[in-house]
Amino acid sequence: MNLYPFVMEILQVLILLAIGPVFVGWVRVLKCWAQGRSSAGLLQPYRDLRKLFSKDVVLAENASWIFRFTPYLVFGTAVLAGGIIPILSTDLPLAATADVIVLVALFAIARFFTALAGMDIGTAFGGMGASREMTVASLAEPAMLMAIFTMSLASRSTSLSYMAQLVMSGQSVLRPSIVFALLAFILITLAETGRIPVDNPATHLELTMIHEAMILEYSGRHLALIEWASMMKLFLFTALGIAVFAPWGIASSADLVAVAAALLFMLLKLGVAGVVLVLIETGLAKMRLFRLTEFLGSAFLLATLGMLSYFILE
Amino acid sequence: MNPGPIDLASISVIILLCAPLLVSLLSRSQRLLIYSGFALTAAASLLAVFAGAWTVWSGETQKLIMLIGLPDLPFHLRLDPLAGFFLVVIGLLSFFVSVYSIGYVKGFLGKRSVTSLAIFYCLFLAGMYMVVLSDDALIFLISWEVMAAASYFLVMFEDERIENRRAAFLYMVVAHVGAIAILLSFGVLAGLATGFGSFSGYTFDAMRSAHFPTEWATVAFLLSFFGFAAKAGVVPLHVWLPEAHPVAPSNVSALMSGVMLKTAIYGIIRVTFDLIRVFPWWWGAIVLVFGLVSAVMGVLYALMQHDLKRLLAYHSVENIGIILIGIGLAMIFTAFKLPLLAALALTAGIYHTLNHAMFKGLLFMGAGAVLHATHERNMEEMGGLIHLMPWTAALFLIGCISISALPPFNGFVSEWLTFQAFLLSPSLPSPLLKLLIPMGAALLALTGALAAACFVKAFGVTFLGHWRGHHRPNVREADWPMRIGMIMAAAACLFLGILPTLAIGWMDAVPQQLIGTSIGTSAGAFGWMWLTPVAYQRASYSGPIVFFGILGIVIAAYLLLHVRPGAIQRVPIWDCGFEKIDQRMQYNATSFAMPIRRIFGFLFNVKERVRTSQQTVHKAFPKKLYYSLHVRDRFWGWLYKPVIAASFWGSRKVGRLQQGRIQAYLIYSFVTIIVLLVFLR
């Protein structure tokens, strides 16, 4: 039996677990530089996680099993998604488990439970976060689907491995539809991963929180799992974007050199993605909640334009 | 002769038609009536499921001619894979609900007699099975009316309340307007099949073998679509649904919403794919557009509700929309001679039909359990029930996840298949359709995401947090028959979610019968674990891996983190350090939906009023705040009010004829006879 795909699978999950926090650390370091502050270093997220894992859990009196189950589920979906997205290699045994639509739905189930956990304690903040998160998600989802649709037109597939392989084989060069879809995807990623201008991951100001409001009551290992999962989510969305729009370098053959090169390419692309993210986040201010309709509406419009340009120009 | 599935199905119907006799004999001992009556319907339902599953499995068609009815017009029955599939859908949920009813109906003991409930329950089920089995227009319409009338009396069950009587009347009116359209449609088809001179065209067989001119076929299709849409609750004919479903007893709401609406879906499929067979693509476009509008409007209206059962009723509108999307796409693909894609879209549609029956039945049963325990339908008064009703909460949650189209449960699979059908639409030859149909996919995505938001609200407000009401009732968990009914439905949701290949392989005979192609072989080409609807390069999904993968990681993480015993300390709520939090400060159903109400407000008729009391130091510190919010269906004002006003106006005018004097009436009769003699010699 060929062990290579299984080794790759395990390697990918390990990389996800390890690099997720470093990527967030990288973004924070860049942000500090951009804003003229001194940073806490690349490894600060690790220290945060270690601190949280070593603490005891403090749980609200009326927390139900949903509140305690959610962190594990959120963590589980993120890890499973890491086994499906081609991060290092397109030859994964789990790749066929899910296409892009299933992947989006996997993130949706994590969000569903996080929102329920927000409502579980019965605080005003929890409910507020849940309500806003679900609103943002419902606006982001159609735009996400249109972007996927545009990309699947060229590859005739929604399976990530096939989409990546097709782009790598050079059959689809830079085309207008891809540019539009990429722009839409970036806007959606900002919304889905809770970055500025949609949500501010660093805030604990009451009225601007979305994601933080839902997880306010978490502590100890529960909070650690949720934080870790949200770091992985940022990494995964970036990896998803890379796999769909710029997969060059991802290994498609069972070859040690190719895998090493894939790892190198991945780090390089992540570095660039971090710079782009920081430029966006530093350049923009957080939007009012009801301006988000325009923001996500333009994402939808861009994706639709991409589809139209595919039919008209290509 | 060996007994075939159709004999089993007939026995099931006969049992259900005879059960009312037994029930009325037992009306003196109500408790025995409940046990024996609902056990009997459960048994009959199982028989129907068995007959249906057998038919779909073997792919064979059986017929039966009953020499009763009008002279020379015998009743025809037929059990083909399509009918068998719907028999399974109806029978399966009826079985679960019958078990559930044993517990639920006991709640009425000592309050009112349940004899009429049990009688009409049996007739209602019998009517639904007969609709599916009938093979001529006559018995179809008779069964259709039995079903409608029985469900009317079920909605009327608690008839001392004015809202029940109002809802039942509205339901009756819409059902009959629909039935007239269906009757006319069959009239057109029967007339064209054999000419208007003979009666033999009333059988479906005669219609199948006929060739219809396009314009008349269009008339027949539009009439029947209108009629079935009225029954299915397609926007804008949906207004009866959120009135009638909430006021009916919950076991009946589960059946009405879960399976009665599906008989209309059955009707649409039967008339278009089986009786008319050849149709232009724009029929499919009509179905698709109405499906999309229903899906989006249904879920948006659902979000605005704070009555749990009303919310679920609006979700039926949404899900009927999703089913129609699948069927509409199948019709478009069929018209363009793309049978494989049509089979995919049709499979998506009927799979969602089955799934919706399971999860909506489950959700209504859960809502019934909550109603049974709290005597409350208003979510704003509930909260924290997960601590008091752990079983109901967990089962209701499974229903919520399924209906929100989240993996690994069943609602996701059928919506995913619908998406795949959408993604294949670029292979259509028409450029306009290529551009427009993907927009439908975006609307479907919007629907799915809004449904998730709505069920976070429904579950969160009902079961989580603290009790919101002023006085706290003595809440008890549902009893075992109710729990077992819900557990079975939940298990079906999970099974259909993680093993879709088996289900699709089984229901393969339906697209095979109607379109001539099926996706069973390609969908299950890589074994039971992988669902690959067209080809594995195109898209694939593995329910078992998603389910067991997440479960495995969750268990592993849990065990790893519990190696070192860590104490859990229970403390009061922190809430960012705010003090004096009370349960009235929680988010409730209205506040949860506020952002969405504001974004999509133009679609509703929203009347929001805030008033502050005057006696204050400063206007920034009012003593009391009065807030009122009314969200109404715009269609009521646009479509129904004018019709109601016009019919009242018309009846007032006609009422003038009514003099109350015998002389006047004799003159009317005389004039009528003269006119008839002159014109119709």
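Line by line, the protein sequences give chains W and E.
Take the first sequence: its letters are residues -11 to 302, numbered as in my numbering.
Take the second sequence: its letters are residues 75 to 755, numbered as in my numbering.
Built from N, CA and C at the ideal position, the CB exists for glycine as well.
Please read these numbers as outputs of a predicted model, since none were measured by experiment.
| Check | Outcome |
| --- | --- |
| Beta-ladder partner(s) of Tyr700(E), from DSSP | Arg685(E) |
| Contacting positions in the stretch 64 to 85 of chain W - beta carbon closer than 8 Å to chain E | Gly64, Thr65, Val67, Leu68, Gly71, Leu82, Ala84, Thr85 |
| Between the CA atoms of Leu82(E) and Ile350(E) - distance to the nearest angstrom | 29 Å |
| Beta-carbon neighbours of Val45(W), restricted to chain E and to distances below 8 Å | Gly640, Ala641, Ile642, Gln643 |
| Alpha-carbon to alpha-carbon, Cys92(E) and Gln494(E) | 46 Å |
| Touch test, the stretch 18 to 32 of chain W against the stretch -11 to 8 of chain W, Cβ-Cβ under 8 Å, three pairs minimum | no |
| For Leu362(E) and Arg120(W), the rounded distance between their alpha carbons | 31 Å |
| is_contact[Ser119(W), chain A] using C-beta, thresh 8 Å | Absent from the structure: chain A. Protein chains present are W and E. |
| Burial state of Met132(W) (16 or more Cβ within 10 Å) | buried |
| C-alpha gap between Phe227(E) and Ala242(E), whole angstroms | 8 Å |
| Closest by C-alpha distance to Glu302(W), when choosing among Pro164(W), Phe168(W), Ile268(W), Ile136(W) | Pro164(W) |
| C-alpha distance - Phe533(E) paired with Arg282(E), whole-angstrom precision | 47 Å |
| Minimum Cβ-Cβ distance from His380(E) to chain W less than 8 Å | no |
| Alpha-carbon to alpha-carbon, Ser274(E) and Leu147(E) | 8 Å |
| Beta-bridge partners of Pro148(E), as assigned by DSSP | Gly143(E) |
| Candidates Thr664(E), Arg152(E), Ser190(E), Ser172(E), of which the one nearest Asn452(E) by Cα | Thr664(E) |
| Under 8 Å between C-beta atoms of Thr129(E) and Ser172(E) | no |
| Gly184(E), buried or exposed, once every other Cβ within 10 Å from all chains shown has been counted against 16 | exposed |
| Ala422(E): first and last residue of the uninterrupted alpha helix (DSSP H) it sits in | 413 to 448 |
| C-alpha gap between Arg279(W) and Thr196(W), whole angstroms | 13 Å |
| Ile399(E) at chain W interface by Cβ criterion, 8 Å | no |
| CB contact flag (Gly473(E), Val391(E), <8 Å) | no |
| Closer than 8 Å to chain E by CB, Leu61(W) | yes |
| Cβ separation of Phe160(E) and Leu120(E), assumed to be a contact under 8 Å, to the nearest whole Å | Phe160(E) to Leu120(E), Cβ: 16 Å. No contact. |
| First and last residue of the uninterrupted beta strand (DSSP E) at Ala48(W) | 45 to 48 |
| Delimiting residues of the alpha helix (DSSP H) encompassing Val535(E) | 505 to 537 |
| For Thr123(W), three-class secondary structure by DSSP | helix |
| Simplified DSSP assignment, three categories, for Gln587(E) | helix |
| Asn484(E), buried or exposed, once every other Cβ within 10 Å from all chains shown has been counted against 16 | buried |
| Interface flag, Arg235(E) vs chain W, CB-CB below 8 Å | no |
| Cβ of Asp187(W) within 8 Å of any chain E Cβ | no |
| Selection of the stretch 265 to 293 of chain W by Cβ proximity to chain E, strictly under 8 Å | Leu277, Phe278, Thr281, Phe288, Thr292 |
| Which of helix, strand or coil DSSP assigns to Ser145(W) | coil |
| The stretch 499 to 509 of chain E touching the stretch 610 to 621 of chain E, judged by at least three CB pairs closer than 8 Å | no |
| Neighbour flag for Thr111(W) against chain E, beta carbons, 8 Å | yes |
| Cβ of Ala192(E) within 8 Å of any chain W Cβ | no |
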